[in-house]
Each structure stands twice: as structure tokens, then as C-alpha cells.
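**Q**
Numbering (our numbering), first residue to last: 1 to 995.
#1: Closer than 7 Å by C-beta to residue 302: which residues in its own chain qualify, once you throw out the five before and the five after it? Chain order, please.
#2: Under DSSP, the alpha helix (DSSP H) around residue 557 begins and ends at which residues?
#3: Please state whether DSSP places residue 388 in a helix, a strand or coil.
#4: Whose C-beta lies closer than 6 Å to the C-beta of residue 988 among residues of the same chain, with five residues either side of it excluded?
#5: Can you tell which of 643, 690, 656, 263 has its C-alpha closest to the C-alpha of residue 670?
#6: Tell me whether the beta-carbon of residue 445 lies closer than 9 Å to the beta-carbon of residue 454.
#7: With a threshold of 16 other CB atoms inside 10 Å of the CB of residue 732, please say whether the residue is buried or exposed.
#8: Which word fits residue 975, buried or exposed, when buried means at least 16 other C-beta atoms lie within 10 angstroms of its C-beta?
#9: Tell me which residues share the same chain as residue 868 and place their Cβ nearer than 6 Å to its Cβ, disregarding the 5 neighbours each side in the sequence.
#10: Apart from the five residues just before and just after residue 114, which ones in its own chain have a Cβ nearer than 7 Å to its Cβ?
#11: With burial defined as no fewer than 16 other Cβ atoms inside 10 Å of the residue's Cβ, what is the status of residue 345: buried or exposed?
#12: Under a Cβ-count criterion, where at least 16 other Cβ atoms within 10 Å of its own Cβ denotes burial, should residue 847 be classed as buried or exposed?
#13: According to DSSP, simplified to helix, strand and coil, what is residue 303?
#14: List in chain order: all unbroken alpha helix (DSSP H) runs of 4+ residues lying wholly within the region 755-803.
#15: What ranges does the alpha helix (DSSP H) occupy inside the region 210-245, keeping only unbroken runs of at least 4 residues that lie completely in it?
#16: If you drop the 5 nearest sequence neighbours on each side, which residues of the same chain put their C-beta closer than 6 Å to that of residue 221?
#17: Using the Cβ count rule (16 or more neighbours within 10 Å means buried), how would you classify residue 826?
#18: Excluding the 5 residues flanking residue 723 on each side, which residues of the same chain have their C-beta closer than 8 Å to its C-beta?
#19: Using DSSP's beta-bridge definition, name the partner residues of residue 35.
#20: Could you compute how far the alpha carbon of residue 757 sits from the alpha carbon of residue 656?
#21: Below 8 Å on the Cβ atoms is my guess for residue 544 versus residue 368; work out the distance and round it to an integer in Å.
#22: Where in the region 618-657 do unbroken runs of the alpha helix (DSSP H), each at least 4 residues long, occur, reported from the N-terminal end onward?
#23: Identify whether residue 364 lies in helix, strand or coil by the three-state DSSP scheme.
#24: Using a Cβ-Cβ cutoff of less than 7 Å, which residues in the same chain neighbour residue 252 once the five nearest sequence positions on both sides are dropped?
#25: Kindly indicate which residue of 122, 108, 54 has the alpha-carbon position closest to the one of residue 96.
#26: Check whether the Cβ atoms of residue 925 and residue 917 lie closer than 9 Å to each other.
#27: With residue 48 as the anchor, note down where its beta strand (DSSP E) starts and where it stops.
#28: Using a Cβ distance threshold of 8 Å, determine whether the region 521-538 contacts the region 480-494, with at least three qualifying pairs required.
#29: Hey, residue 674 and residue 858 are a contact pair by Cβ (cut 8 Å); roughly how many whole angstroms apart?
#30: Just tell me which of 812, 605, 244, 817 has its CA closest to the CA of residue 851.
#31: Just checking, does the region 120-140 make contact with the region 78-86 on the three C-beta pairs under 8 Å criterion?
#32: Since residue 605 is in the beta strand (DSSP E), which residue starts that stretch and which ends it?
#33: Taking three-plus beta-carbon pairs below 8 Å as touching, is the region 700-717 in contact with the region 895-906?
#34: Report all residues from its chain with a CB closer than 8 Å to the CB of residue 197; omit the five preceding and five following residues, and keep chain order.
#35: For residue 578, count neighbouring Cβ atoms within 10 angstroms of its own Cβ and tell me buried if that reaches 16, exposed if not.
#36: Pull up the distance between the alpha-carbon of residue 290 and that of residue 484, whole angstroms please.
See below:
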């Protein structure tokens with residue numbers, strides 16, 4: 001659908017006399033607001049006004065929808081009663097108008113020409129007018145290509161609807177307006193969903209579209225959007241099933257075929273049309289190729305990629321050489337050594353040669369070396385190149401700069417100042433008149449160079465890096481070993497200099513394969529030594545920058561490079577360096593300015609992979625005493641453990657786990673509220689888990705295991721599940737090898753948690769058995785209680801309810817002895833499910849209520865959501881559906897606040913179960929779709945449960961083909977996991993085939 005749908009127009013210009021009258025009345029009506037996109041209502045400020053009987057509200061609605069135009073008495077009678085008005089209709093209209101005048105402000109409802117009008121309403125007083133303005137704004141935003149803004153504005157417009165339009169208002173006019181405005185709402189909704197798909201929100205849209213197609217089964221545009229959303233979510237069979245259901249429905253109900261657009265979409269899905277895979281994007285305009293200057297170094301014949309930077313810099317140069325030219329110094333090529341600053345600058349300058357016919361100047365300012373070029377010397381060289389005799393060249397810097405600018409006046413000259421040290425070196429060399437431009441490359445970001453257009457040059461993209469490698473090595477050698485070539489460029493950190501060196505070495509050795517080179521570069525300790533060829537060496541490039549650092553900067557560079565992880569926060573860096581945050585920030589920003597460190601985001605820093613290896617080599621060579629390296633990493637681990645323990649204490653108040661963690665010496669951060677604590681945990685997840693892995697095999701191992709345990713909320717959120725599991729496995733191996741019985745028991749307890757969340761029950765049980773033996777042997781009461789609860793949950797999954805009760809009772813005994821009431825309440829909820837399995841429904845409800853009472857007493861924590869959830873499950877089994885929905889709704893809100901996405905998903909599944917049991921298949925399908933989009937605790941097995949329920953709900957809605965597609969996918973998941981539920985789904989498919 002193009003653009004944003006507009007409400008069918010009814011407006012007419014207001015006369016000048018009426019406008020004047022409206023202006024007079026505006027002040028009195030300021031506080032009035034009206035709503036028609038739902039029940040007809042009026043407010044003065046926040047006070048809702050009495051709008052009278054249904055006929056009186058019908059009169060008010062008719063006047064409001066005319067937006068200031070006068071409605072005659074005859075029109076109003078027709079609007080309220082149609083062709084059969086009562087005998088006293090005119091008197092009734094007058095009575096209704098009189099009553100409304102008493103409720104509304106003076107001058108709002110006016111009599112005019114034998115009729116009535118509502119006048120003088122300020123902007124935004126009528127919800128329909130606000131919706132129209134928002135729809136117009138959204139259309140403009142979409143036309144300008146700002147889909148995010150368009151979606152947000154359209155969402156605000158749709159939020160103004162509050163149930164049925166003109167709800168409870170009688171009369172033919174109200175009925176016509178209901179149809180009109182409902183059609184407009186659906187058009188707006190389709191437009192918003194269309195933009196959702198354009199922005200890649202396919203999975204999220206499926207749930208909403210499923211509900212909408214159930215509510216509006218004959219609306220083909222919704223079906224089309226649902227097919228596209230399912231296809232882009234990888235659910236091709238369901239997408240085709242939607243078409244089959246639609247075709248059958250249209251034939252049965254209307255005797256027609258689907259419209260051409262729907263048929264075309266089906267064919268494109270059958271053909272796996274690549275154009276459907278991703279949202280369409282505008283094709284970039286080709287960049288005009290500009291010609292080369294005379295004095296520049298030769299450009300490399302294998303220049304590759306960098307198209308965005310080439311385009312940006314070419315546009316800047318073109319603006320300087322135009323008819324209204326301006327001087328523009330470009331520090332566009334700031335970046336680490338070897339990132340390709342000079343190569344890019346020379347390439348762009350060559351392309352721009354035609355724009356600067358009066359000359360091109362070039363100099364290597366040697367800013368990265370120990371002796372940078374003096375500006376006076378450079379100006380002397382430039383003046384000679386511009387035709388100045390030696391005898392006419394002045395002696396002083398100021399005089400040379402003045403003569404240089406005079407010679408450039410009225411000319412179009414490009415000046416390439418390569419490898420600059422700082423802005424002070426560059427300033428005297430800049431042209432001073434329009435029509436000229438200067439390109440400056442440097443390892444330092446020249447923020448103090450006035451008027452400069454600054455661009456930071458990053459490493460190549462993987463595709464660009466592979467293309468460069470292929471150009472140097474040759475297509476034939478790379479084509480047969482593409483994966484090995486990708487390993488090579490990744491080992492080079494996508495740094496152009498490193499790729500060029502590696503490719504040149506391979507090109508010179510015909511007996512080597514790409515795999516041989518990849519194997520050599522796989523050894524991180526030897527990698528920098530391998531990346532040298534002739535006079536090119538990555539290490540030498542980095543050495544120039546490191547050698548120029550002050551001692552404190554050099555220490556920071558070395559120690560920060562020791563920490564694993566994608567980046568590091570300012571607070572964590574302060575822990576590594578054992579310095580105040582303010583001093584640490586000064587040092588890190590200085591390293592950023594020299595391009596040895598990158599600023600990933602405000603307050604976050606990262607190394608290029610090869611620079612990190614170089615920093616570690618410097619630490620091993622230069623850090624004294626050597627024990628400071630271990631001390632720095634120990635402080636970092638302490639920082640993460642202390643801070644994570646505080647986050648856990650905020651999220652789980654009263655839980656005694658934090659009392660039983662390894663002690664720390666270095667303090668962590670403190671938080672005043674839960675949102676900031678969760679922000680920190682999820683932002684630092686990658687770094688925190690990397691710190692745990694790095695500590696494996698060291699004396700820091702026990703603290704690392706406790707850090708992993710304290711961060712267990714990460715796995716239930718679904719945000720970092722895979723990385724968390726890999727870290728848990730690494731700690732299990734490390735603790736086993738080290739013989740740390742207590743630490744290994746905790747590590748295996750954590751791993752059993754992860755496996756439970758992902759639905760891998762048998763591996764979870766194996767780990768839990770070992771964990772219980774180790775924890776018992778080490779007399780680790782905390783771990784024993786945790787793993788007993790895990791074993792109880794495993795029993796629930798396998799239908800061993802009585803055995804599960806034994807484990808839950810064991811966990812309760814330990815938790816009560818430790819005074820851990822929050823966890824005790826959680827186990828009570830789990831015990832409730834065991835009683836459900838044994839048929840003790842009343843006991844199950846009682847246990848869940850007891851657990852919820854404890855959680856409620858503690859406060860609104862994530863475990864309070866678990867309490868609501870457990871009680872909702874019990875109430876569902878008891879047939880108390882409305883109460884169950886209330887509990888699940890409370891749980892959803894809390895899980896959402898605490899970012900527990902997988903728990904949100906499984907709660908939607910339970911809500912779907914309630915709706916299905918209460919014979920509301922459309923609502924069941926909608927919540928099942930939301931569960932699929934979010935994911936669920938329980939992994940593929942739970943996904944199979946959701947698909948089975950979704951299929952049954954769709955079958956009840958008459959969507960048989962799509963239902964069978966869901967059941968087939970569920971059966972595949974069950975068979976892969978050896979789940980007993982497979983037999984149930986086979987029976988459903990057999991029954992459907994026979995129908």
C-alpha cells in the first residue's frame with residue numbers, strides 16, 4: 001500500500017464570520033475535549049462530562065463529525081432516526097441541544113440558520129482530528145523515507161481508538177460513520193503493518209496479523225501481509241497454507257477467486273523469489289568517477305571497497321571546487337596504522353582531478369615517526385612546485401604561508417597532506433581561498449582543526465576484505481578455498497595492511513594453499529610475526545604509535561589489552577588500571593586520539609583485534625613486575641563479581657545466594673534502582689562472560705564460577721543463552737581439571753539450569769546428578785538446594801510427579817534452614833505443579849497461593865512474576881479461567897519489566913491454553929503467535945507445544961491448511977527430540993487428512 005490512508009474527507013471551509021466567532025469562543029473552550037473514536041465522551045480538563053441519553057450523544061456526535069459546519073434540523077432528525085422519526089422529533093432535537101449547552105462551555109454549541117453547530121474548539125480537542133493530523137504526519141515521514149518516525153506516529157494515531165467507534169450511539173448516521181471510520185482504521189493498521197515488514201519486523205507482525213485475519217477473514221490485504229510475514233520468518237509452508245485457506249474461504253463465502261496481488265504473491269513464494277526475502281531498499285546512485293591530479297602518488301591498481309567513504313569525500317571535494325567553492329580541510333582518514341588512510345585519500349584525489357585543473361599538491365608529513373616534517377620545509381617545497389623561484393621564497397613560516405595562500409588565490413588546487421602529526425602542523429599548509437581543498441590523513445582525530453570535515457576510517461567489511469585478498473592472490477586459488485580465505489581475512493582483523501601482507505606472502509609462494517596460510521595465522525601468539533612481507537609489517541606500524549605514548553598512556557594501553565571481550569566500559573577499565581574513573585577517562589581518550597583505541601560508544605572502548613594482540617605482546621615485554629598483569633585481571637573479575645552480585649540482590653531481594661559467593665577485594669558499582677542495574681547487566685553480558693572464560697585455568701576460577709552463577713538471569717532472558725552455555729561448559733571442564741569439587745558442583749548446577757531452559761531434559765538430568773553428588777560431598781548447602789529444585793523440574797518435564805515432589809521437599813528443607821524465603825516461595829510454585837500432575841488440584845492451588853503470598857510480601861521482583869505464573873497454571877487446571885488470565889497478565893507485566901523474554905513467551909503460551917480451553921480460538925491463536933515470536937523456556941520441545949496449540953486454534957477458525965502446516969512443524973520438532981507428544985500430533989494430522 002502506498003502512503004498512509006486518509007480518512008474520507010468531509011471538511012468544507014469555514015466562513016470568515018464563523019472563524020471570527022470561533023476565535024472569540026476559543027478561550028472559553030480551551031479545556032474541552034471530545035472523543036468519538038469509541039464511546040461519545042466529553043471532558044473538561046480531566047473531568048468527564050455527562051453527555052446524556054444515547055440520542056443526545058448521537059446529536060453531539062453528528063455535530064462533532066461535521067467539524068464546525070452547521071447541521072440543519074432536518075439533517076439532524078434524519079441522522080438520529082432515519083426514515084421513521086417520532087412525531088415530536090424536532091422538539092426532541094431542541095431538548096437535546098438545550099441539555100448539551102448546559103453541560104458544555106458557553107458559545108460551543110451554537111444555533112445558526114435553523115440548525116446547530118459545534119464551534120470554537122481548539123486544536124487537538126477532538127480525537128478524530130488528532131488522528132487525521134497524525135496520519136498526515138506519518139504519510140509525510142514515510143514519503144521522506146523515515147519509516148521509524150512514520151510507524152511511531154501511526155501507532156499514536158491508532159492508539160486513539162478506544163473500542164467501537166460511536167459505541168452505543170443509535171441512528172443511521174452513526175452506523176454509516178462507524179463503517180467509514182472502522183474502514184479507515186483498518187487501512188491505517190495495514191499501512192503500519194506494511195511498514196513493520198519493510199523494517200524487518202516479520203516475526204512480531206505474525207501474531208497481530210493472525211488475530212486480525214481471524215477477526216476480518218475476508219480482508220485480502222491482511223492475508224497478503226500475513227503470508228509475507230510468515231515467509232520472511234522462514235515459515236513458507238504456513239504462508240502457502242494461508243493462501244489455500246483464503247482461496248477456499250472466498251470461494252465458499254463469495255464465490256470469487258483471490259485478487260491478482262494475492263495470487264502473484266503465492267507464485268513468488270512457490271518460486272522462492274529472492275525479492276521477497278528482505279524489504280526493498282532504494283538503489284544507491286552511482287558515484288561519479290572523477291579524474292586524477294598530477295602530483296599525487298600512483299593509486300593502487302587493486303583498490304577495493306570503501307564506496308561509502310569514496311562517495312562522501314568526493315562530494316566534499318566537489319563542493320569545494322564548485323562555483324560557490326569553499327575551503328574544506330578533511331581529516332577524513334583518521335584511524336589506526338594500516339587501515340588504509342593514504343590509499344583511500346590518494347584514490348579519492350585521483351578521482352577528483354578534473355575538479356582541480358590548476359594543480360594537485362602532495363606531501364608525507366611523517367607525523368607517525370620520531371621526526372615529523374616541519375611546516376616551513378613543506379611550504380618551501382609547495383612554493384617551488386607552484387613555480388616560485390628559490391630566491392623568491394621567504395625565510396619565515398608566516399611569510400611562506402602568506403605567499404602560499406596568495407599564489408593559490410583564484411586557483412583550483414587540491415592539497416593532500418598525508419600522515420599528519422597534529423592540527424598545529426597542518427594549519428599553515430591549508431589553502432585560504434575558495435576553489436581549493438585540503439585532504440588530511442592522520443592517526444589523530446583533528447577535532448581542533450577549525451572547519452574540518454571529520455571522518456573516522458574503520459577496517460574493511462568482510463566482503464571488502466575478501467575481495468581485496470582475492471584481487472592480490474587470484475580468483476582461482478581463492479575460489480576453491482573460500483572458507484579458508486574468510487579465516488585469513490578474519491585473522492587479519494579485516495585490516496587492509498594486514499590483508500595485503502598476508503595475500504602478498506601467499507601470492508609469492510605458489511606451493512602454499514590458502515589453508516596453510518590460515519593455519520599459520522590461527523596461532524595468536526605468532527600472528528603479528530607472520531604479518532610481515534618485505535618492508536611491510538603490521539607490528540612496525542603499531543610500534544610507531546606505541547613509541548609516542550607517555551608512560552601512563554603506555555601502561556593503560558598494555559593492561560587494557562589483557563582483558564578479553566568485545567569492548568570494555570570506563571568503570572571496568574578503571575578497575576583494570578586501579579585508577580579513579582576521571583583519570584582513566586583522560587588516558588583512554590588520549591589513546592582514542594592516537595587511534596590505538598576505538599571509542600565504541602560513550603563510555604565504552606575497544607581494540608582492533610591485531611592492536612589487542614600487539615598490546616598483549618607489549619604487556620608481556622614491558623609490564624613490570626609481571627605479577628601486575630594477573631593483578632589487573634583479578635581486579636576486573638572482582639569488579640564484575642561485586643557488581644553482578646548487587647544486580648542479583650536488587651532483582652532477587654532477600655535471596656541468600658549473594659551471602660555465599662566468593663569474597664572480592666575490588667569494589668563494584670552501586671545502583672539506586674532496578675532499571676539501571678538491569679541495563680548494566682545486559683550491556684556488560686558479553687564482557688562479563690568473557691571474563692569468566694578467561695579465568696578458567698587460573699587461581700581466579702572459583703570467583704569466575706560464582707560470577708557465572710550470580711549472572712544466571714542472562715540465560716532465562718534468552719538474550720545471551722548460547723554464549724552463557726559455552727561459558728558454563730568451559731567452567732565445568734576447568735573446575736574438573738583443577739579438582740575444585742565445590743566450584744565444579746556449582747558450575748554443573750549452572751549448566752543444568754541452562755539445559756533446562758533450552759528444553760534438553762536428558763543432558764540436564766545428567767549434569768544435575770553429578771552436581772548433586774559434588775555439592776553434597778563439598779557440603780555446599782546452597783548448591784544442593786538449587787540442584788534439588790532443578791531435579792524436581794526435570795521430573796515434572798518427564799511426568800515423574802511423585803519423584804519431583806521428593807526433590808522439591810528436599811530443596812524446601814535446605815532453603816528454610818538457610819532462611820532463603822524468596823527461593824522457598826519459588827519452589828512452592830514448582831511443588832504446586834507436582835501436585836497438579838498427581839491430580840491434587842486443590843492442594844496445587846493452595847501451594848501456589850502460599851508461594852505468591854510470600855513473593856507479594858517481598859515486593860515486585862521477577863520472582864513475583866513466577867508466583868503469579870504458578871498460580872495461573874493451577875487455576876487453569878481448576879477451570880477458573882478468568883482468575884488464571886488475571887494472574888498471567890500480572891506475570892507478563894513483571895517479566896517484561898525485568899526483560900525475561902523467554903518467560904514472557906511461555907506466559908503467552910499459557911494464556912493461549914486458557915483461551916483454547918474456554919473456546920476462544922482467535923485469542924488463543926494470537927497469544928500462541930506471540931509465544932512463537934518471543935521464544936519460550938523449554939526450547940524446541942516447548943516450541944512444538946506452542947505450534948500444536950496454534951494448529952488446533954487455527955483449525956477451529958477454519959484455517960485447515962495452515963493448521964496442518966503447524967502440526968507438521970511440531971511433529972518434526974518432537975521427533976528430533978524424541979518427545980512422546982509426537983503421537984498426539986500424528987493423530988491430529990491423520991484426523992485432518994481424513995476430514
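Where a beta carbon is used, it is the ideal one built from N, C-alpha and C, also for glycine.
**A** This is what the structure gives:
#1: 468, 471, 472
#2: 551-560
#3: coil
#4: Short of 6 Å from the beta carbon of residue 988, and not among the five residues preceding or following it, lie these beta carbons of its own chain, in chain order: 967.
#5: Of the candidates 643, 690, 656, 263, the one whose C-alpha sits nearest the C-alpha of residue 670 is 643.
#6: yes
#7: With 16 or more Cβ atoms within 10 Å of its Cβ, residue 732 is classed as buried.
#8: Under this definition residue 975 is an exposed residue.
#9: Cβ within range, chain order: 887, 890, 891.
#10: 72, 73
#11: buried
#12: Residue 847 comes out buried.
#13: coil
#14: 761-777, 781-797
#15: 220-232
#16: Cβ neighbours of residue 221 beyond the five flanking positions: 190.
#17: buried
#18: 685, 686, 689
#19: Note: residue 35 sits in a beta bridge opposite 41.
#20: The C-alpha of residue 757 lies about 22 Å from the C-alpha of residue 656.
#21: 4 Å
#22: 627-651
#23: Note: residue 364 maps to strand in three-state DSSP.
#24: none
#25: Measuring from the Cα of residue 96, the nearest candidate turns out to be 54.
#26: no
#27: 47-49
#28: yes
#29: Not quite, the Cβ-Cβ distance comes to about 14 Å (not below 8 Å), so this is no contact.
#30: 812
#31: no
#32: 604-606
#33: yes
#34: For residue 197, where only same-chain residues beyond five positions count, the Cβ hits under 8 Å are 205, 225, 228, 229, 232, 279.
#35: exposed
#36: Since pLDDT at residue 290 reaches only 29, below the 50 mark, its modelled position is unreliable, and the value read off the structure follows with that caveat. Taking the CA atoms as reference points, residue 290 sits about 36 Å from residue 484.
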